[in-house]
Structure formats: C-alpha cells, structure tokens
Ligand code: ATP
Ligand code: MG
C-alpha cells in the first residue's frame, strides 16, 4: 500500500528508526488515511521511552499527565506516546495504572474500536513512488480494515468489558458512526444497551464534547436516534425523550420527539450550536401539552422550553455564551409573520434575536418546517426575510444610538450609575419605534423627559 504522507510525519518515523527504535502512526490518523479523509491529528507510538524520544527530537516536550511527548513542527504539535498497557478501571473512567507496554500489539489492544486500533509503518525510504507516495505497512491485528469496508464500529475485545472500563466509549461509538456514516456492530450495540447506565459516571464536560460532535456530524439525526434507541439519551437528555409519544395534532404526523429529531435532520446549518438549538426548539412541549377541543395545544411551550434549556446547559456544562444563545433561540423561535406587521414590531424581533443570529434563527425555522413535513419556505417567511433585510441598517441596540452614556452624564451633570442605562433604554425604545428620532439633537432634548419617566419604565422583555 502507498500513501502520500506529510514530510513532518515521514521525518518523525525516520528519526525514530535511525535511532534504532520502532515508530508507528497510530489510531485515528490511520483510519482517516485509509478512508481518504483529512487527517487532523497525527498520533505516533513507539517502543522508545519519553526520555529517549526527547533525545531523538530536540525541542520536544514531555507532558507528564498523558505520558506523551509533543513535537512542535510547522505550527502543529505531533504527539508521540510510548507503547502502553492499562490496568483496572475501578471508576469506569480512567485506568488506575498506565504502564509502558512491551509491544505494539499490546498498545493496539487497549484502543477502543477495531478501526481505531491500526498502526502504520513506513518501509524503506528508497521505495518512494513517482507521485511522492511512500510504501507503507498496515498493522491490523483486530480486523480494522475489514470493518472499514463493512462500515461498522466494533469494539476491540469483549464490548461489555471495554465499556465497563470506560463508559465514554459508548458515546464515542455512536459519534464515530455519525461522523463516518457507519453502523454499530451487533454485539457492540447490545453491549451499549446493556451498559448504558454507566454513562452516569462520566462528567458533563466529556458527554458534552461527544454529544456536540454527534450533533455537528454529517449524520446528526441518525446519531441522536441511536442515542435514543440504546437508552443513552434518556440519561443525558431526558427532557427531549419526554416528547416520545406526545402527539402534536394539526398537520404534524409525528410525535414531538420525532419532530425534534427530524428538525435536526433538516436544519441546513453546519454549526453544531444552531443544530442543537433546532433539536431543542420544542423541548417545552411535553410539559405544556393540554387537550383542548380534542386537540393537543402547547401554549407557552417556548417559555417553558427556554427554561429547560438552562437546566440542560448547566448539566452539560455549556459555556455561558452558548447557554444564552440556546435560550434565546428556543425562547423566540415562535415568531410569525403577517403583512400587517409594523416595521417596529419586526425591529423588536431583530433586537431580541440579534442581527448576527437572525440567519441562524431562519435556519432553525427551515429545520422546524421541513422536520414537520412542510416545504422549506413559504411566502410569509420569504416576505419576512425581505423586510428584515430592509431594516438591517436601522438602530437595533442601545449602542446604535447617536448619543452615549457620556452625553447623558454631561447633560444631567451626574456620575456613572444605573440611571444612565435607564435613560438610554428609554430613548432606545423611542428610536425603535421611529428610527428618524435617532439624531443627537433630538435625543439630547429628550434626556430630561427620559430621566423623569425612568422609574415608570418597564425594562424591555
Ligand atoms: P478524532 O480525533 O476524529 O476525534 P480519534 O479516533 O482520533 O477521533 P482521539 O480522541 O484523537 O480520537 O483518540 C486517538 C486514538 O486514541 C483513537 O483513535 C483510539 O485509538 C484511542 N482512544 C481514544 N479514546 C479512547 C478511549 N476512550 N478508549 C480507548 N481508546 C481510545
Ligand atoms: Mg484524533
């Protein structure tokens, strides 16, 4: 077999060889090479110890925590790890003891899936072919190449034992499947179902990382469906699973849960956060469902849903900014349009969602529509988009006002304090109604009025 390898990779393999060590590319990089995918990180394994590796590569550094030597090259870090074996996983998360392994086979056998448990070794440098490809040998003791052909994710060794060692592997299996478009091998799948409860031992952060990769993958809906059918979703996202069996009525043929999954499937965004918002947009429906005149209704489901999104965000340890984004998307996803709507009503919607996030809200809506069996768009949605485009240059935040806090302080002869924000908000409300009022002359003349009525003002929304 021949491959075109980056020169840094060849140098690292040759460097180890010249010093009398064995060196291999290992793990995900081999998988990606064999499936002709772009390799993002190159991992190496060797029989050299960390001290020996550092001698071969001056300028490399040893990361004690992971037992890995990093070699900086060309802005990238190439990681070399000495063959390892791992013992005892009493906490279901990490080995009690990591030891240097004696052989490559030992190192490969601790890896999670057959397609991740292959290594690649260069043969003689002289065997370079004309298009700069290099003759390589693939070491594949667990049938990874065969499983790549069969398009399956299969555990190395006994899947029950492997998931018992590290429960995150169950999510990694589904994530790899969603990224590659692969299915999960029968016994491996059964073992996930059987061991699903072990996922409770895994931190929110690690679950979050795998979950977002599933949502951002080429097959997000199939990935989430697999999480559901294995029972993992019930543990990591019970709020969503609650929608299973909840009828929607109207033109909807599916239950709430299926609608959420299908919305994710059809969401046109590549952004995992927009997709996650789309998956969660109706998460408030199960709690608000009420039968009226024999039909299910979901009044205020967007309010309840937004509240649930906060609970979910905290459990998954999402960063503040993403939590706020998801809240906003779910809270305001119920926008509707009719031609009688005033410009100021549309500006209010734009202000809530934020200029930059309006295209994302439209993507959520497209997913919602198609996931409910409707066409991608409607004349209403198209007309709303046109009107939004026409208002994009209007003032939409306090920062767009022609005066600022300093003007307020100067006019009122006061020091910084909460009054300033209140005055600016009052003036902004006027400008939102009528953008022609956004002149410094007019706004300065209104400061006195604003300060008088500041206490009568309700804070927006
Ligand atoms: P990607 O980099 O695309 O996320 P990957 O398979 O390369 O996928 P990494 O987290 O980079 O994943 O891990 C590199 C390699 O380490 C894997 O290919 C696999 O061989 C091994 N590995 C990673 N996580 C585990 C695990 N939880 N259990 C066993 N082996 C693992
Ligand atoms: Mg990797």
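Residue numbers (my numbering): 3 to 463. Here a beta-carbon is modelled for each residue, glycine too, at the ideal position from N, C-alpha and C.
Less than 7 Å between the CB of residue 30 and some heavy atom of the ligand MG, yes or no?
The count along the chain shown starts at 1 and reaches residue 30 at position 28. Yes, Cβ of residue 30 sits closer than 7 Å to a heavy atom of the ligand MG.
Assign residue 177 to one of two classes, buried (16 or more other C-beta atoms within 10 Å of its C-beta) or exposed (fewer than that).
Position 175 of the chain shown, counted from the first residue, corresponds to residue 177. Counting Cβ neighbours within 10 Å, residue 177 comes out buried, since at least 16 surround it.
Assumed close pair residue 243, residue 279 - CB separation to whole angstroms, cut-off 8 Å:
Position 241 of the chain shown holds residue 243. Position 277 of the chain shown holds residue 279. With 8 Å as the limit, residue 243 and residue 279 do not qualify as a contact, their Cβ atoms being about 18 Å apart.
Since residue 197 is in the alpha helix (DSSP H), which residue starts that stretch and which ends it?
To locate residue 197, count along the chain shown from 1; it is residue 195. Note, residue 197: alpha helix (DSSP H), 188–197.
Kindly indicate which residue of 204, 267, 216, 241 has the alpha-carbon position closest to the one of residue 366.
On the chain shown, residue 366 is found 364 positions in, with the first residue counted as 1. When each option's Cα is compared against that of residue 366, the closest is 267.
Could you spell out where the beta strand (DSSP E) holding residue 292 opens and where it closes?
For the purposes of this step, residue 292 is taken as the residue at position 290 of the chain shown. 292–294 is the extent of the beta strand (DSSP E) around residue 292.
Cβ pair count under 8 Å reaching 3, the segment 382–393 against the segment 346–359
yes
CA-CA distance, residue 4 and residue 146?
As a position in the chain shown, residue 4 is number 2, starting the count at 1. As a position in the chain shown, residue 146 is number 144, starting the count at 1. Cα to Cα, residue 4 sits roughly 18 Å from residue 146.
Tell me whether residue 335 is buried or exposed, calling it buried when 16 or more other Cβ atoms sit within 10 Å of its Cβ.
Indexing the chain shown from 1 puts residue 335 at position 333. Counting Cβ neighbours within 10 Å, residue 335 comes out buried, since at least 16 surround it.
Could you give the DSSP three-state label for residue 222: helix, strand or coil?
Looking up residue 222 in the chain shown gives position 220. Here residue 222 sits in helix by DSSP.
Cutting at 7 Å between CB atoms, please list the residues of its own chain near residue 52, excluding the five before and the five after it.
Taking the chain shown and counting its residues from 1, the one referred to as residue 52 is at position 50. Contacts found: 64, 69, 71, 84.
Considering only DSSP beta bridges, list what residue 164 is partnered with.
Taking the first residue of the chain shown as position 1, residue 164 is located at position 162. Answer is none; residue 164 lacks a bridge partner.
Taking all protein chains shown into account, decide if residue 215 is buried (16 or more other Cβ within 10 angstroms of its Cβ) or exposed.
Counted from its first residue, the chain shown places residue 215 at position 213. Buried.
With a threshold of 7 Å (Cβ to nearest heavy atom), would residue 333 be considered close to the ligand ATP?
Working through the chain shown from its first residue, we reach residue 333 at position 331. No, since every heavy atom of the ligand ATP falls outside the 7 Å radius drawn around the Cβ of residue 333.
Please confirm if the segment 189–204 is in contact with the segment 152–160, defined as three or more CB-CB distances below 8 Å between the two stretches.
yes
Span of the beta strand (DSSP E), counted from its first residue to its last, around residue 81
Residue mapping note: residue 81 aligns to position 79 of the chain shown, counting from 1. Residue 81 -> beta strand (DSSP E) spans 78–84.
Let me know the alpha helix (DSSP H) ranges lying completely inside the segment 267–341, each 4 residues or longer, listed in chain order.
274–282, 287–290, 303–317, 322–333
Mind reading off the beta-carbon distance from residue 59 to residue 73? Whole number of angstroms is fine, and I expect it under 8 Å.
Taking the first residue of the chain shown as 1, we reach residue 59 at position 57. Taking the first residue of the chain shown as 1, we reach residue 73 at position 71. About 5 Å separates the two Cβ atoms, so the contact holds.
What residue does the alpha helix (DSSP H) around residue 179 start on, and which one ends it?
Against the chain shown, residue 179 aligns to sequence position 177. It spans 170–182 - the alpha helix (DSSP H) in which residue 179 sits, taken as one unbroken run.
Which of the three DSSP states is assigned to residue 106 in this structure?
Position 104 of the chain shown holds residue 106. Helix at residue 106.
Could you check how far apart the C-beta atoms of residue 239 and residue 314 are, in whole angstroms? I think they sit under 8 Å.
The sequence position of residue 239 within the chain shown is 237, counting from 1. The sequence position of residue 314 within the chain shown is 312, counting from 1. Indeed, because the Cβ distance is near 7 Å, the residues count as touching under 8 Å.
Among 230, 107, 403, 432, which has the Cα closest to the Cα of residue 442?
The sequence position of residue 442 within the chain shown is 440, counting from 1. Checking every option, the nearest Cα to that of residue 442 belongs to 403.
Given the structure, does residue 114 come close to the ligand MG, in the sense that its CB is under 7 Å from one of the ligand's heavy atoms?
As a working mapping, residue 114 is identified with position 112 in the chain shown. The answer is no for residue 114.
Do residue 108 and residue 123 have their C-beta atoms within less than 8 Å of each other?
Taking the chain shown and counting its residues from 1, one reaches residue 108 at position 106. Taking the chain shown and counting its residues from 1, one reaches residue 123 at position 121. For residue 108 and residue 123, no; Cβs fall outside 8 Å.
For the alpha helix (DSSP H) containing residue 409, list its first residue and its last residue.
If you number the chain shown from 1, residue 409 lands on position 407. Note, residue 409: alpha helix (DSSP H), 407–414.
My understanding is that residue 298 touches residue 251, with C-beta atoms under 8 Å, so please give their C-beta distance in whole angstroms.
Walking along the chain shown from the start, residue 298 turns up at place 296. Walking along the chain shown from the start, residue 251 turns up at place 249. Correct: roughly 5 Å between the Cβ atoms.
Hey, would you say residue 45 sits closer than 8 Å to residue 28, going by beta carbons?
Stepping through the chain shown from its first residue, residue 45 is reached at position 43. Stepping through the chain shown from its first residue, residue 28 is reached at position 26. Yes, the pair counts as a contact, with Cβ atoms nearer than the cut-off.
At a cut of 8 Å, does the segment 364–378 reach the segment 255–272 through at least three beta carbon pairs?
yes
Is any non-hydrogen atom of the ligand MG found closer than 7 Å to the C-beta of residue 43, if you look at the structure I gave you?
The sequence position of residue 43 within the chain shown is 41, counting from 1. Residue 43: yes, Cβ under 7 Å from the ligand MG.
Taking C-beta to C-beta, are residue 433 and residue 453 nearer than 8 Å?
To locate residue 433, count along the chain shown from 1; it is residue 431. To locate residue 453, count along the chain shown from 1; it is residue 451. Cβ distance not < 8 Å, so residue 433 and residue 453 don't count as in contact.
Residues that DSSP places opposite residue 75 in a beta bridge:
Along the chain shown, one-based indexing puts residue 75 at 73. Partner(s): 78.
Should residue 118 be listed as close to the ligand ATP, given that the test is whether its C-beta is under 7 Å from any heavy atom?
Numbered from 1 along the chain shown, position 116 holds the residue referred to as residue 118. Yes, the beta carbon of residue 118 sits closer than 7 Å to at least one heavy atom of the ligand ATP.
Compute the Euclidean distance between the alpha carbons of residue 204 and residue 174, then round it to the nearest angstrom.
The residue labelled residue 204 in the question sits at position 202 within the chain shown. The residue labelled residue 174 in the question sits at position 172 within the chain shown. Whole-angstrom Cα-Cα distance: 12 Å.
Distance CB(residue 2)-CB(residue 320) smaller than 8 Å:
Residue 2 lies beyond the residue range present for the chain, which begins at 3 and ends at 463; the question has no answer from this structure.
Could you tell me whether any non-hydrogen atom of the ligand ATP is closer than 7 Å to the CB of residue 170?
Here residue 170 refers to the residue found at position 168 of the chain shown. It does: the Cβ of residue 170 is within 7 Å (strictly closer) of some heavy atom of the ligand ATP.
When we look at the beta-carbon of residue 420 and count the other beta-carbons within 10 Å, is it buried (16 or more) or exposed?
The count along the chain shown starts at 1 and reaches residue 420 at position 418. When all chains shown are included, residue 420 counts as exposed.
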